[in-house]
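Engineer:
Numbering (my numbering), first residue to last: 412 to 550.
1. Just to check my reading of the structure: residue 467 and residue 441 have Cβ atoms closer than 8 Å, yes? What is that Cβ distance to the nearest angstrom?
2. Residue 448: buried (16+ other C-beta within 10 angstroms of its C-beta) or exposed?
3. Determine the direct distance from the alpha carbon of residue 539 to that of residue 509, and round the result to whole angstroms.
4. Could you check the C-alpha separation between residue 438 and residue 485 for me, to the nearest Å?
5. Could you give the DSSP three-state label for residue 446: helix, strand or coil?
6. Would you kindly report the start and end of the unbroken beta strand (DSSP E) that includes residue 463?
7. With DSSP run on the structure shown, which of helix, strand or coil describes residue 529?
8. Tell me residue 501's beta-bridge partners as DSSP assigns them.
9. Buried or exposed for residue 483, going by 16 or more other Cβ atoms inside 10 Å?
10. Given this structure, state the Cα-to-Cα distance separating residue 463 from residue 548, to the nearest angstrom.
11. Excluding sequence positions up to five away, which residues of its chain have a Cβ less than 6 Å from the Cβ of residue 460?
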């Protein structure tokens, strides 16, 4: 009998910036992380992915991609369920196509949970979900 669960393997990306001397900053280290509300997704069930920013002072803008296997997982960008934090910020601009969700946000002192999105299991299998091409701009 076929296993009805799709395992969701999260890859956490930690962004380590450098100061003017090319040295890593002292702790706490700057971080951009991807996490999920559940460690796995059953077929037809939905979990939430979260992107958090921490320990980055004066962050003015961020862009990144979330890579996923669109034959196993599905992000519904048209349902209005994508939670975008706008306040006084530019954007966010979010675009999803064939397993790549692209995100851009600009504003003042971006910090904490900046993005969340529901992701659904389509079929049984194992799929990696990864944060990719993280770009940070400080004021």
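Quick reminder that beta carbons are idealized off the backbone N, C-alpha and C, glycines included.
Treat the numbers as computed from the prediction; the structure is a model and nothing was measured.
Structural biologist: Quick look at the numbers:
1. Taking the chain shown and counting its residues from 1, one reaches residue 467 at position 56. Taking the chain shown and counting its residues from 1, one reaches residue 441 at position 30. Residue 467 to residue 441, Cβ: 4 Å. Contact.
2. Position 37 of the chain shown, counted from the start, is the residue given in the question as residue 448. Flag for residue 448 reads exposed.
3. Start at 1 with the first residue of the chain shown, and residue 509 comes out as number 98. Start at 1 with the first residue of the chain shown, and residue 539 comes out as number 128. For residue 509 and residue 539, the distance between alpha carbons rounds to 14 Å.
4. Here residue 438 refers to the residue found at position 27 of the chain shown. Here residue 485 refers to the residue found at position 74 of the chain shown. Straight-line Cα distance between these residues: approximately 37 Å.
5. One-based indexing of the chain shown puts residue 446 at position 35. In this structure, DSSP gives residue 446 an extended state, which the three-state scheme calls strand.
6. Position 52 of the chain shown, counting from 1, holds the residue named residue 463. Taken as a continuous stretch (DSSP letters only), the beta strand (DSSP E) holding residue 463 covers 457-465.
7. Start at 1 with the first residue of the chain shown, and residue 529 comes out as number 118. Correct three-state label for residue 529: strand.
8. The residue given as residue 501 occupies position 90 in the chain shown. Within the DSSP secondary-structure output, residue 501 pairs in a beta bridge with 517.
9. In the chain shown, the residue the question calls residue 483 occupies position 72. By the 16-neighbour rule on beta-carbons within 10 angstroms, residue 483 is buried.
10. Sequence index remark: in the chain shown, residue 463 carries index 52 (1-based). Sequence index remark: in the chain shown, residue 548 carries index 137 (1-based). Cα to Cα, residue 463 sits roughly 16 Å from residue 548.
11. As a position in the chain shown, residue 460 is number 49, starting the count at 1. Within the same chain, residue 460 has close Cβ partners 447, 528 and 530.
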